[in-house]
Each structure stands twice: as structure tokens, then as C-alpha cells.
């Protein structure tokens with residue numbers, strides 16, 4: 671209620687002749703400014719944290735370009751082995767080579783063929799939960815592996 | 011302090027216009043003009059303007075405008091409570 675006190679002290683009407691429109695404009699202004707300041711500082715913080723976590727030497731533009739190239743060059747008949755051979759990062763290449771065929775196929779169908787978890791589960795004959803669990807496990811392992819082998 | 015009050019009132023006025031759908035484009039630009047300096051200030055990282063961060067801040071700003079709800083009843087009740095408190099104290 672501090673801002674209301676300030677408002678009435680400054681307007682000197684002391685709640686006798688309050689203009690409803692002006693009052694509402696004032697309150698919306700104050701609320702919006704505080705809201706926007708908070709949200710902007712929060713997005714800035716989250717951006718910095720994200721940047722620290724997933725900082726790569728290659729900028730995002732280059733990665734997107736390479737994806738576009740892959741899509742164009744290979745068309746619809748993409749094979750897992752072709753993609754593995756095209757990986758330029760040695761660490762990522764060695765990590766993916768270590769994965770089992772089932773794990774590879776999950777990653778391949780989720781990220782490259784863009785299938786649902788349900789579709790993958792039907793293909794492999796397991797539950798949807800198992801697919802998401804496996805996917806998380808692989809990504810966690812990849813993260814750990816890439817961190818250790820800088 | 012009078013200038014502050016005028017500043018808040020002008021922003022509130024613009025917000026009410028934008029929420030009521032009166033001339034969305036121009037009012038949006040007018041609000042953006044007022045907050046552009048805040049966005050620019052926050053988009054600095056390590057002494058340089060970070061374009062990614064700046065674009066994210068613009069997106070956050072647009073989201074803020076869309077999400078902000080104008081609840082007349084609530085604020086008028088707040089005013090009533092305040093008004094009663096002043097009367098009882100006097």
C-alpha cells in the first residue's frame with residue numbers, strides 16, 4: 671500500500687476527489703513497470719545460466735547450416751551409419767559409436783525422423799515411459815562424456 | 011514526484027488502450043519506446059551488446075504485454091479498503 675500512500679500524498683486530494691481513470695492508469699503503470707523489470711532481469715539471468723551450461727565453441731548458425739546441408743544432401747532415405755560417418759566432432763563420434771543399436775535407433779528416430787515417443791515405443795515393442803527413460807539416460811551419458819573429454 | 015506520477019499514468023493509459031484493442035500497432039510502439047532503454051541496458055554482456063540476449067529480451071517484453079492482466083475490480087476494491095482506512099484513522 672506504500673505506492674497508494676505516495677500517490678495520495680502527491681495528489682493532495684486525500685481520497686476526496688479521486689479520478690477513477692487516473693487512479694487506474696497510475697496503478698496499471700506501476701504494476702506493469704515492476705512486472706517488466708522483474709521478467710527482464712529473470713530472462714537475462716536464465717540466459718546467462720544457459721550459456722554457461724551449454725557453451726560450445728561452434729555458434730548456433732553453423733550447426734543449423736550443417737543440419738540444413740544434411741537434410742538437403744541425403745533426402746528422405748537417411749541411414750544411421752551415414753549420419754554417424756558425417757559427424758565432424760571426434761568426441762561425439764566416439765560416444766555414438768559406443769552406443770548399442772537400440773539406443774542409436776531411438777536417437778535416430780526421435781531427432782532425425784522426428785517421430786513421437788509413442789511411435790518409437792510401438793516400433794521397438796516397449797512402453798513409452800521406457801523410451802523416454804532411455805533417451806534421458808543417453809543424453810545424460812553424452813553430457814557427462816563430453817564434459818570429461820574436453 | 012509529480013513527473014513520476016505522470017509517467018506511470020501515461021504508461022497505464024497506453025496499456026489500457028492496448029488491452030482494449032485501440033490502435034494496437036501505434037500504442038505498442040509507444041510502449042516499446044519507453045522501455046527500449048531498459049532492454050538495451052540489460053542486453054550488455056561482457057561489455058558488448060549480445061544480440062541473442064537482446065532478441066530474447068524483446069520476446070520477453072512482448073510476452074509481458076500479452077500476459078499482463080487488467081483487473082479493474084481488484085484495484086477498485088483496494089482503493090475502497092484504503093479509503094475506509096483513511097476515514098477510520100481521521
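Chains as they are written, first to last, in the numbering used here: chain A, 671 to 820; chain B, 11 to 100.
Where is the CB? At the ideal position from N, CA and C, for every residue including glycine.
Note that the coordinates shown come from a computational prediction; the quantities given were computed from them, not determined experimentally.
Spell out whether any CB of chain A is found under 8 angstroms from the CB atom of residue 66 of chain B. Yes - at least one Cβ of chain A is within 8 angstroms of the one on residue 66 of chain B.
Quick one: grab the DSSP three-state call for residue 59 of chain B. Here residue 59 of chain B sits in strand by DSSP.
8 angstroms is my cut-off, CB to CB: does residue 23 of chain B come that close to chain A? By this cut-off, residue 23 of chain B is an interface position.
Between which two residues does the alpha helix (DSSP H) holding residue 773 of chain A run? First-last of the alpha helix (DSSP H) with residue 773 of chain A: 771–777.
Count the CB pairs spanning the region 13–20 of chain B and the region 695–714 of chain A that are closer than 8 angstroms, and state whether there are at least three. Result yes; three or more Cβ-Cβ pairs closer than 8 angstroms.
Would a C-beta distance cut-off of 8 angstroms place residue 28 of chain B and residue 34 of chain B closer than the cut-off? Yes; because the gap between Cβ atoms is below 8 angstroms, this pair is in contact.
For residue 42 of chain B and chain A, any beta-carbon pair shorter than 8 angstroms? Output row for residue 42 of chain B: interface = no.
Counting only Cβ-Cβ distances shorter than 8 angstroms, please list the residues of the region 70–93 of chain B near chain A, keeping chain order. Result list: 70, 71, 73, 74, 78, 80, 82, 85, 86, 88, 89, 92, 93.
Taking residue 801 of chain A as part of the alpha helix (DSSP H), name the residues at either end of that continuous run. Residues 798–818.
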